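Reviewing the structure listed below.
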Amino acid sequence: MPLSEEELRLLEQMERALVAEDPKLASTMRGTSLRAVARRRVLIAAVGFIVGIAVLMTGAVLNVIPVAIVGFVIMLGSSYVGLTSWRNQSRSPDPKSGGSASHPPFTVIDGGRKKRAPRAPRTRSSSRGSMMERFEERWRRRRDQNGF
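Start counting the sequence shown at 1; every next residue gets the next number (this note's numbering).
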């Protein structure tokens, strides 16, 4: 759900107050890219996966089933964190490859939504919209035809 104009205005005021009160924190918020955080999580998950293998093998060699199960759970959790971070890393923009060396400003624009180019009017045969958009369009047509 998008933010209302008043919520956006309040959020921008809080942001300005934060920058005025603690510029170091605002600088830190600007400086950390999502790609770097995702890369760090992937590395930590890889180390966790290796630790999980070690615990699993230790449990298997010593014939202690609960230790082996804990090792498997560590491996499973690490692989989940690593894969989700890997996906997020490929989706997040890289400031180094974007042509601009500066970080984007720490601001709230359109309630966190990405700006899109205006769409051409939709035709009835267009199936490019999401399922919810099609359902909403059908609902509006039925409501308009039945007079509700």
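We put the CB at the ideal spot given by N, CA and C, even for glycine. Keep in mind that this is a model prediction, so the values were computed, not measured.
Review point. Which of the three DSSP states, helix, strand or coil, is assigned to SER100?
Key: Caution applies to SER100, whose pLDDT of 42 falls short of 50 and renders its modelled position unreliable; the value that the coordinates give is listed next. SER100: coil per DSSP, three-state reduction.
Review point. DSSP three-state call for PRO66: helix, strand or coil?
Key: DSSP places PRO66 in helix when its eight states are reduced to three.
**Study point:** Where the alpha helix (DSSP H) containing ASP144 begins and where it ends
**Key:** DSSP places ASP144 inside the alpha helix (DSSP H), whose first and last residues are 131-146.
Check your understanding: In terms of alpha-carbon separation, which member of VAL19, GLN89, GLU137 and MET131 lies closest to ALA36?
Key -> That would be GLN89, whose Cα lies nearest to the Cα of ALA36.
Check your understanding: According to DSSP, is SER4 helix, strand or coil?
Key -> The answer is coil: DSSP assigns SER4 none of H, G, I, E or B.
Check your understanding: Which residues in the same chain have their Cβ closer than 6 Å to the Cβ of GLU137, if we skip the five residues on either side of it in sequence?
Key -> Contacts found: none.
Check your understanding: From GLY98 to ILE74, what does the alpha carbon distance come to, in whole angstroms?
Key -> Here the model assigns GLY98 a pLDDT of 45, short of 50, so the residue's position is not dependable and the matter cannot be decided.
Practice item. Please report how far the alpha carbon of MET131 lies from the alpha carbon of PHE49, in whole angstroms. Key: C-alpha of MET131 to C-alpha of PHE49: approximately 39 Å in a straight line.
Point to revise | Spatial neighbours of ARG134 in its chain, beta-carbon cut-off 6 Å, leaving aside the 5 residues before and after | key: Annotation for ARG134: no residue places its beta carbon closer than 6 Å to its own, counting only its chain and skipping 5 residues before and after.
**Study point:** Under 9 Å between C-beta atoms of LEU83 and GLY71
**Key:** No.
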